[in-house]
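Residue numbering for the sequence shown follows UniProt numbering, starting at 1 and increasing by one per position.
All residues carry an ideal CB built from backbone N, CA and C; glycine is no exception.
Just so it is clear, the structure is predicted and the values come from calculations on it, not from any experiment.
What follows is a set of notes on a single structure, which appears directly below.
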Amino acid sequence: VTDAALGHVQFHRACYGAYNDSLLFFFLLGWVQLGLGIVAGALAWTYYRDEISVYAPTITSFILLWVCFFMLMFRGNRVRTYHWTLLAETLVLCLWVMPLHYIISLYVAVPHDQLPRSTMACLIIFLLNTLFRLLNVLGNIILMCEYQRTNHYLPKGMIPFWRRITNPIADALIFWTYPQSVEQKYPPHWG
């Protein structure tokens, strides 16, 4: 074990390097998610403006996308807003079910070679956007449960088999959703 990281005594130097990398990944991932949400909405409004089951949910989810973005931007170390972010992300996830259902029903009703290529592009972007939202929902559930990463790591022989599987999954979802949760202050205040 090496010395503490400069300015971050809660981390070893090597651990802080990995944490810093996860913050960079999270930053880039945030822009990808924001871009996906914008592109998915734009595709829906361009190609399915007359279909209310696509148009209405995508407008609502676009507004909620920005609500989630601003909650993430202004989230601090003391006040926990995971329950509000979870609610907004769950609503966005549910709102994308109807557009996905509509696109998939097109593929069921019409042979895929007779559909325009834009339909496949919409389906892929909608699915990616929905997958990202699902991972955000799962990560916020774990964060809302106050999962303590450091309490779950013991010497190799002392970790139950199921924890060897669930710990990395929980960590990945936490770092996908909000890696700064590692720096949270206790006791929490739920805002």
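- Residue pairing by DSSP places Ala4 opposite His12 in a beta bridge.
- Annotated three-state conformation of Leu86 is helix, per DSSP.
- Its chain contains Leu143 and Ile174 as the residues whose beta carbon lies nearer than 7 Å to that of Ser181, once the 5 sequence neighbours on both sides are disregarded; these appear in chain order.
- Under the DSSP assignment, Val67 falls in the alpha helix (DSSP H) whose first and last residues are Ile52 to Met73.
- Exposed is the label assigned to Arg117, since fewer than 16 other Cβ atoms lie within 10 Å of its Cβ.
- Contact check for Ala121 and Leu36: beta-carbon distance about 12 Å, past the 8 Å limit, so the pair fails to qualify.
- C-alpha of Cys15 to C-alpha of Ala172: approximately 15 Å in a straight line.
- Per the C-alpha coordinates, the member of Arg133, His101, Thr81 and Leu64 positioned closest to Cys145 is Thr81.
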